[in-house]
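Student: Structure incoming, see below.
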Amino acid sequence: ELQLVESGGGLVQPGGSLRLSCAASGFTVSSNFMTWVRQAPGKGLDWVAVIYSGGSTYYVDSVKGRFTISRDESKNTLFLQMTGLRAEDTAVYYCARGAPDNTWTTPTYYFDFWGQGTLVAVSS
Amino acid sequence: EIVMTQSPATLSVSPGDRASLSCRASQSILSNLAWYQQKPGQSPRLLIYAASTRATGIPARFSGSGSGTEFTLTIDSLQSEDFAVYYCQQYSHWPPSFSFGPGTKVDIK
Numbered sequence: 158e159l160q161l162v163e164s165g166g167g168l169v170q171p172g173g174s175l176r177l178s179c180a181a182s183g184f185t186v187s188s189n190f191m192t193w194v195r196q197a198p199g200k201g202l203d204w205v206a207v208i209y210s211g212g213s214t215y216y217v218d219s220v221k222g223r224f225t226i227s228r229d230e231s232k233n234t235l236f237l238q239m240t241g242l243r244a245e246d247t248a249v250y251y252c253a254r255g256a257p258d259n260t261w262t263t264p265t266y267y268f269d270f271w272g273q274g275t276l277v278a279v280s281s
Numbered sequence: 064e065i066v067m068t069q070s071p072a073t074l075s076v077s078p079g080d081r082a083s084l085s086c087r088a089s090q091s092i093l094s095n096l097a098w099y100q101q102k103p104g105q106s107p108r109l110l111i112y113a114a115s116t117r118a119t120g121i122p123a124r125f126s127g128s129g130s131g132t133e134f135t136l137t138i139d140s141l142q143s144e145d146f147a148v149y150y151c152q153q154y155s156h157w158p159p160s161f162s163f164g165p166g167t168k169v170d171i172k
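These protein sequence lines are chains A and B, in that order.
One gets my numbering by counting positions in the first sequence from 1 and adding 157 to each.
One gets my numbering by counting positions in the second sequence from 1 and adding 63 to each.
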């Protein structure tokens, strides 16, 4: 059975750091496209970062230089290291697995399975 | 940056009726579009990918159409469990971009 379990959220002061974890079961994180998506309270969904199976990473402009997505093959876990946190980073953070859309020569990825999320609150 | 818009923001529908939700991209995304359903307190669930392909386990009353910049999610014969917020998302290959629309809330009329 597929499972993604996020942890590591909490209350942090502006400028602080947190590391989110996403433990996977039922599939191998390092063999898949993975992503972090966040949702501010009462708002919509925003993708934050992605990591391809080959290791390439990409970020939304608002978190570049502050957040780092990574994975640990031995733990089958995805991470999001967040530094320089701001009030606007307050959100539920979801990890998700990407599935390839092979319609075109180069596959693109939609998000086929999501975890339940972990809340990050940035406030003094 | 590709910007996604959705309309209407809220759609009031009676159980058993059909709902049509619209999604527009600021530039052509071919068929690189997914639809997600989110209920209160839950994580999003994939409904449709490649604009018109239902994900595993999704009932046939959900259908997607469109290409380029204009897309539609249609829900036939709305069931009580279908009242939720629906998001469209584009997923571009290059540069990698996965922006979501603001969502359409489908509520009971």
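Ideal placement from N, C-alpha and C gives every residue a C-beta, glycine not left out.
Excluding five sequence neighbours on each side, which residues of the same chain lie with their C-beta closer than 7 Å to the C-beta of B:Phe-146?
Tutor: Val-169, Asp-170 and Ile-171.
Student: Can you tell me whether B:Pro-158 is buried or exposed, with buried defined as 16 or more other CB within 10 angstroms of its CB?
Tutor: Exposed: under 16 other Cβ atoms inside 10 Å.
Student: Roughly how many angstroms separate the alpha carbons of A:Arg-243 and A:Ser-219, rounded to a whole number?
Tutor: Those two C-alpha atoms are separated by around 11 Å.
Student: Mind checking which residues open and close the beta strand (DSSP E) that includes A:Ile-208?
Tutor: Per DSSP, A:Ile-208 belongs to the beta strand (DSSP E) from 202 to 208.
Student: What residue does the beta strand (DSSP E) around A:Thr-192 start on, and which one ends it?
Tutor: Per DSSP, A:Thr-192 belongs to the beta strand (DSSP E) from 190 to 196.
Student: Quick check: the Cα distance between A:Thr-265 and B:Ser-155, rounded to an integer number of angstroms?
Tutor: Distance between the alpha carbons of A:Thr-265 and B:Ser-155: 6 Å.
Student: Any contact of the region 82 to 89 of chain B with the region 105 to 118 of chain B, i.e. 3+ C-beta pairs under 8 Å?
Tutor: In short, these stretches do not touch, since the Cβ pair count stays below three.
Student: Are the CB atoms of A:Ala-278 and A:Thr-240 nearer to each other than 7 Å?
Tutor: Contact flag unset, no.
Student: Are B:Ala-113 and B:Gly-129 close, meaning C-beta to C-beta below 7 Å?
Tutor: Contact: no.
Student: Excluding the 5 residues flanking A:Gln-196 on each side, which residues of the same chain have their C-beta closer than 6 Å to its C-beta?
Tutor: So the qualifying residues of the chain are Leu-202, Ala-248 and Val-249.
Student: Using a Cβ-Cβ cut-off of less than 9 Å, list which residues of the region 205 to 230 of chain A approach chain B; keep chain order.
Tutor: Here the close residues are Val-207, Tyr-209, Ser-213, Tyr-215, Val-217 and Asp-218.
Student: Relative to the C-alpha of A:Gly-166, which residue among A:Thr-260, A:Ser-281, A:Leu-237 and A:Val-205 is closest?
Tutor: Residue A:Leu-237 is the option with its Cα nearest to A:Gly-166.
Student: Would you call the CB atoms of A:Gly-255 and A:Thr-192 closer than 7 Å?
Tutor: Yes.
Student: Would you call A:Gln-160 buried or exposed, if buried means 16 or more other Cβ atoms sit within 10 Å of its Cβ?
Tutor: By the neighbour-count rule (16 or more Cβ atoms within 10 Å), A:Gln-160 is not buried but exposed.
Student: Assuming the contact rule is C-beta atoms closer than 8 Å, B:Ala-88 and A:Asp-269 should be a hit. Round their C-beta distance to whole Å, please.
Tutor: Not really, about 21 Å apart at Cβ, beyond 8 Å.
Student: Just mark B:Ser-94 as buried or exposed, buried being the case when its beta carbon has 16 or more other beta carbons within 10 Å.
Tutor: Buried, since its Cβ has 16 or more Cβ neighbours within 10 Å.
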